[in-house]
Amino acid sequence: MWGTDTLDTVMVTHKVAGKEYNIEYLRSNRGAETLDQWPGGRPSIAGLSILDVGTGDGKFVQDFDDPNTVKTYGQPKRVVGMDISLRKWQQSPKYKGRFIKGDGLNLPFEDNEFDIYYCIQGPLAYFTPRWVNDQGQEGGTPELWGKALSEAYRVARKYVYFTTTAKMDVQKYEELLKDPRFKVVHPTPEEREGRFGAQMIVLQVIKN
Ligand SMILES: C[S@@+](CC[C@H](N)C(=O)[O-])C[C@H]1O[C@@H](n2cnc3c(N)ncnc32)[C@H](O)[C@@H]1O
């Protein structure tokens, strides 16, 4: 079922309203490989619970359980794929509890239910304020972004791991740096220097 793609990035230039935007996109269909961008090197996800928000075809959920992934990264305790629109096969009793229908703005989970909130090209990307799509339309609003991020904070015990689809507004990134609920562990301001888009964002959740 899995392709053999390895993790790499591609730089794409978008022209929107006469301006050029250079965006670095991650190319991988291997969920665990995205974790290699973890600060300080490859993590172990053994024993951790992971919520994949906006799971789509569920490829990352399945990858976290792939025997090769488990050999390299450890066996997670629980992996759940959630999406506002589930595929038919994901709704079969065989996948009960593994794929759950839900909205990123109102997660159907308890506080601190997962160690990692994981969202690749999902709602947190869509709701990034001033995200501009190829038609020049703005994607998110501060309210939608705030709500999606608060939900991520609520259900995650340790990390919020997400991608921005395109431009992450500099002001939003700086707000994250000051947000007392999180420590931005990737990218650091130095890593981000000179780059217009920050594709992978890893936030450590600060809770008492
Ligand atoms: C571009 S796909 C990404 C799928 C998968 N994460 C991947 O990278 O292959 C975006 C997914 O987000 C889901 N989505 C959009 N808005 C959502 C929301 N508010 N709550 C949950 N899922 C949402 C869509 O249904 C879609 O499956």
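Here numbering that gives the first Met the number 0 is used: the sequence shown runs in plain steps of one and ends on residue 207.
Heads up, the beta-carbon is just placed ideally off N, CA and C, and yes, glycines get one too.
Just so you know, these numbers come straight off a predicted model, no measurement behind them.
Measuring only the C-alpha atoms, how far is residue i from residue j?
{"i": "residue 214", "j": "residue 176", "result": "Nothing can be reported for residue 214, as the shown portion of the chain is limited to 0 through 207."}
{"i": "residue 124", "j": "residue 94", "result": "26 Å"}
{"i": "residue 190", "j": "residue 86", "result": "37 Å"}
{"i": "residue 207", "j": "residue 84", "result": "34 Å"}
{"i": "residue 161", "j": "residue 59", "result": "13 Å"}
{"i": "residue 64", "j": "residue 159", "result": "20 Å"}
{"i": "residue 48", "j": "residue 116", "result": "9 Å"}
{"i": "residue 92", "j": "residue 181", "result": "37 Å"}
{"i": "residue 293", "j": "residue 151", "result": "Outside the displayed span of the chain (0 to 207) sits residue 293, for which this structure offers no information."}
{"i": "residue 188", "j": "residue 42", "result": "22 Å"}
{"i": "residue 118", "j": "residue 61", "result": "15 Å"}
{"i": "residue 71", "j": "residue 142", "result": "39 Å"}
{"i": "residue 157", "j": "residue 174", "result": "20 Å"}
{"i": "residue 82", "j": "residue 155", "result": "17 Å"}
{"i": "residue 108", "j": "residue 96", "result": "12 Å"}
Contact check, residue i vs residue j under 8 Å by CB: the rounded distance?
{"i": "residue 80", "j": "residue 45", "result": "That pair is no contact at about 20 Å."}
{"i": "residue 54", "j": "residue 98", "result": "7 Å"}
{"i": "residue 202", "j": "residue 113", "result": "Wrong, their Cβ atoms sit about 14 Å apart, outside the cutoff."}
{"i": "residue 200", "j": "residue 179", "result": "No, residue 200 and residue 179 are not in contact; Cβ-Cβ is about 17 Å, not under 8 Å."}
{"i": "residue 110", "j": "residue 153", "result": "5 Å"}
{"i": "residue 127", "j": "residue 144", "result": "6 Å"}
{"i": "residue 146", "j": "residue 104", "result": "5 Å"}
{"i": "residue 121", "j": "residue 52", "result": "5 Å"}
With a threshold of 16 other CB atoms inside 10 Å of the CB of residue i, please say whether the residue is buried or exposed.
{"i": "residue 219", "result": "What the structure shows of the chain is the stretch from 0 to 207, and residue 219 is not part of that stretch, so it cannot be assessed."}
{"i": "residue 140", "result": "exposed"}
{"i": "residue 57", "result": "buried"}
{"i": "residue 4", "result": "Because residue 4 sits at a pLDDT of 36, beneath the cut-off of 50, its placement in the model cannot be relied upon, and the following sentence gives the value as read from the coordinates. Flag for residue 4 reads exposed."}
{"i": "residue 149", "result": "exposed"}
{"i": "residue 100", "result": "exposed"}
{"i": "residue 171", "result": "buried"}
{"i": "residue 89", "result": "buried"}
Do residue i and ligand 1 come close, with the Cβ less than 7 Å from some heavy atom?
{"i": "residue 52", "result": "yes"}
{"i": "residue 205", "result": "no"}
{"i": "residue 47", "result": "no"}
{"i": "residue 84", "result": "yes"}
{"i": "residue 121", "result": "yes"}
{"i": "residue 103", "result": "yes"}
{"i": "residue 146", "result": "no"}
{"i": "residue 56", "result": "yes"}
{"i": "residue 125", "result": "yes"}
{"i": "residue 161", "result": "no"}
{"i": "residue 59", "result": "yes"}
Can you check the stretch 138-186 for any beta strand (DSSP E) of at least 3 residues that lies completely inside it and give the ranges in chain order? Entirely contained in the stretch 138-186, the beta strand (DSSP E) runs reaching 3 residues are, in chain order, 155-162 and 181-185.
Can you check the stretch 42-88 for any beta strand (DSSP E) of at least 3 residues that lies completely inside it and give the ranges in chain order? Taking only runs of at least 3 residues, the beta strand (DSSP E) segments lying wholly in the stretch 42-88 are 48-52 and 77-82.
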